[in-house]
Each structure stands twice: as C-alpha cells, then as structure tokens.
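See structure below.
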Amino acid sequence: MKAFWDTRINSETYTVVPGENCVIGIQVRGRIHRVEGERSDPLRIAGITGILTGPRKFHSLQNTKSLLIQISPLLLSRRIAVPMSEIRDASLSLEDLFTKSEVSRLMEACEEANVSDLDASFVFEKFWKPKSLREDQDSYLSEAMQRIRASFGEIGIRSLAEDLGVSQSTLERGFKSRIGVNPKEFASLVRFRKALEHLGKTSNLTELAYGSGYYDQAHFIREFKKKTGVNPKKWSSLKS
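Taking the working numbering, the leading residue of the sequence shown gets 76, the next gets one more, and so forth.
Okay, here's the thing in structure tokens:
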C-alpha cells in the first residue's frame, strides 16, 4: 500500500493507465471529473476506483489537491464484502463499500492533515486498522500473484494452478472474486507495466516487445493501445 498527496496546480486533463492496485481518493481542494467522450462527471469527494483494465481519462480543476491511497485488491477484499469483480473498471463512492462513520473519519483526518501539512501516512494509519481485516483463507492467491510478477507475466496458468495445488477453475474464481481480474488478465497487466517502465529507455519496439513477454511487435502495440488508448510512440511523445 502507498499513500501520498497529489497536487495539480493547473487545470488539466490526464490519462490514468491500468495497474495492479485499486485507488482510494479524497479530494480536499478543487475537483476532479471523469471524462468520457464529450461527457464530464464529477467524482465523489471520497471515492474509490477498482483495478483498471483500460485507460481512464480525468480532468482536474486548477489547484486541486487529493490524498490517494493505492491498495492491493487482494488486501482490500479482506476489509469489504463486495467481490472485487464488481468494482473492476468502476469509480464509486467510498460509502458504497465502507460505513458512513468510517468515511467521515477518513475525511476528517484528510482535512486535519491538509491544514497541518501532515504526511499522507498520518491519514492512512488512522483509516487502515489491521485488526479489522478478515483472516485470509486463500493464501494460494498471494503466492500466485508473486509468481506471476516474478515471471513478468510469462507463466502458464494451468501449470501455476497445479504447482499451487488447486484446480485452474478454483484459481480463476479466486482471482475474479478477490482481485477483480482472471489470472491471464493479471499477467497481462504485469507485462504491460514492465513494458511501460522500459519504454522510455529504448526506441527498439521489437526488442522491448520480446523483452516484456509479447509474441512480437504487433502484439505489443495492440495490447499497449488497449491499455493506454494510443500506440507506444504516441505515448512517448505525449510524455516527453
């Protein structure tokens, strides 16, 4: 988990790409809107976005400040009763998942931290109480995630299930319920994040594609565009 302040001085539209975490966001100043085509809808002041499988566009007003908490869906699933598949690719109010009193305390802690210029960890520690976590009955899921990450997404799902001593269907059900995506989709996210990390370090897309576990350059470009909305060269030019 990671908690940090995100401050945007200027009004801007930006794209958030898929990753392995859910994100809790509390807006303490300004406002953020979700943008879809010509439509722009304000996010809840206290909200959460589930694990993403595609790009998401947002627009922040001038001088917007938010506290963001990146949290593993596997860990989040031990705190809330809603299956992670139901918040996948969705942006919801925190009150849809937590009690009003919990959300109220979190927002109060954010305001206190903002006024007193405190570190984001102050808020996180007040909100996240380990004793409120349910016991993890599916330890194989954590091990599966670690092995997929270690292989950079280049691991057979069937053989992974066999090594963990569970059926492939059990592994897939566990991933969908506790993480929000199936094992193959999670491996795709891991591969993508690896490629994204190295994109700015090389101009050779074929080399990058093979090094990140894609079949070829065409496969890499196709999958990259699904997750960012643009091809790798366009993404690099936008970030430069």
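Every residue gets a Cβ at the ideal spot worked out from N, C-alpha and C, and that includes glycine.
Rounded separation between Ile126 and Ser191 - CA only | In the sequence shown, the residue the question calls residue 126 occupies position 51. In the sequence shown, the residue the question calls residue 191 occupies position 116. Those two C-alpha atoms are separated by around 31 angstroms.
Asn96 versus Gly112 - alpha carbon distance | Taking the first residue of the sequence shown as 1, we reach residue 96 at position 21. Taking the first residue of the sequence shown as 1, we reach residue 112 at position 37. Asn96 and Gly112 have their C-alpha atoms some 25 angstroms from each other.
Could you pull out every unbroken alpha helix (DSSP H) segment of at least 4 residues lying fully inside the segment 192-256, listed in chain order?
-> Runs of the alpha helix (DSSP H) spanning 4 or more residues and lying entirely within the segment 192-256 occur at 195-202, 214-225, 232-239 and 243-253, in chain order.
Candidates Tyr289, Tyr285, Ala270 and Gly288: closest to Lys308 by CA position = To locate residue 308, count along the sequence shown from 1; it is residue 233. Answer by Cα proximity: Ala270.
Per DSSP, what kind of secondary structure is Lys301 in: helix, strand or coil?
-> For the purposes of this step, residue 301 is identified with residue 226 of the sequence shown, where counting begins at 1. If DSSP states are grouped into helix, strand and coil, Lys301 belongs with the helices.
In whole angstroms, what is the alpha-carbon distance linking His273 and Asn279?
-> Residue numbering aside, residue 273 sits at position 198 when the sequence shown is read from its first letter. Residue numbering aside, residue 279 sits at position 204 when the sequence shown is read from its first letter. Those two C-alpha atoms are separated by around 11 angstroms.
Name the DSSP bridge partner or partners of Gly100?
-> For the purposes of this step, residue 100 is taken as the residue at position 25 of the sequence shown. Gly122 and Leu143, per the DSSP bridge assignment.
Have a look at Phe267, Glu218, Ile296 and Ile84 and flag the residue whose alpha-carbon is nearest the alpha-carbon of Phe250.
-> On the sequence shown, residue 250 is found 175 positions in, with the first residue counted as 1. The alpha carbon of Phe250 has as its nearest neighbour, out of Phe267, Glu218, Ile296 and Ile84, the alpha carbon of Glu218.
Cβ-Cβ distance between Lys314 and Asn306 below 8 angstroms | Working through the sequence shown from its first residue, we reach residue 314 at position 239. Working through the sequence shown from its first residue, we reach residue 306 at position 231. Taking 8 angstroms as the Cβ cut-off, Lys314 and Asn306 do not qualify as a contacting pair.
Would you kindly check if the distance between the Cβ of Thr90 and the Cβ of Pro117 is under 8 angstroms?
-> Counting from one through the sequence shown, the residue named residue 117 turns up at place 42. Counting from one through the sequence shown, the residue named residue 90 turns up at place 15. The criterion of a C-beta distance shorter than 8 angstroms is not satisfied by Pro117 and Thr90.
Let me know the secondary structure DSSP gives Ser263 once reduced to three states.
-> Position 188 of the sequence shown, counting from 1, holds the residue named residue 263. DSSP places Ser263 in helix when its eight states are reduced to three.
Thinking C-beta only, is Arg180 closer than 8 angstroms to Thr139?
-> Here the question's residue 139 lines up with position 64 in the sequence shown. Here the question's residue 180 lines up with position 105 in the sequence shown. In this structure, Arg180 does not lie closer than 8 angstroms to Thr139 by Cβ.
Supposed contact pair Cys185 and Val98 - C-beta distance, whole angstroms, cut 8 angstroms | The residue you call residue 98 lines up with position 23 of the sequence shown. The residue you call residue 185 lines up with position 110 of the sequence shown. Between Val98 and Cys185 a beta carbon distance of about 15 angstroms is seen, past the 8 angstroms cut, so the two are scored as non-contacting.
Starting from Thr354, follow the alpha helix (DSSP H) in both directions and report where the run begins and ends.
-> The question about residue 354 has no answer, for the chain in this structure spans 76 to 315.
Residue burial classification, Tyr290 (beta-carbon count within 10 angstroms, cutoff 16) = What you label residue 290 is simply residue 215 of the sequence shown in a count that begins at 1. Exposed.
If you compare alpha carbons, which of Ile232, Thr281 and Phe133 is closest to Glu247?
-> As a working note, residue 247 is residue 172 in the sequence shown. Per the Cα distances, Ile232.
Roughly how many angstroms separate the alpha carbons of Ser168 and Ile144, rounded to a whole number?
-> Translated into the one-based positions of the sequence shown, residue 168 becomes position 93. Translated into the one-based positions of the sequence shown, residue 144 becomes position 69. Their Cα atoms are separated by approximately 14 angstroms.
Would a check of beta-carbon distances place Asn279 closer than 8 angstroms to chain B?
-> Judged by its chain identifiers, the structure shown contains no chain B, having just a single protein chain.
Thr277 burial status per 10 Å Cβ neighbour count (16 or more: buried) | Taking the sequence shown and counting its residues from 1, the one referred to as residue 277 is at position 202. Thr277 should be labelled exposed.
The alpha helix (DSSP H) spanning Arg180 covers which residue range?
-> Sequence index remark: in the sequence shown, residue 180 carries index 105 (1-based). It spans Lys175 to Val190 - the alpha helix (DSSP H) in which Arg180 sits, taken as one unbroken run.
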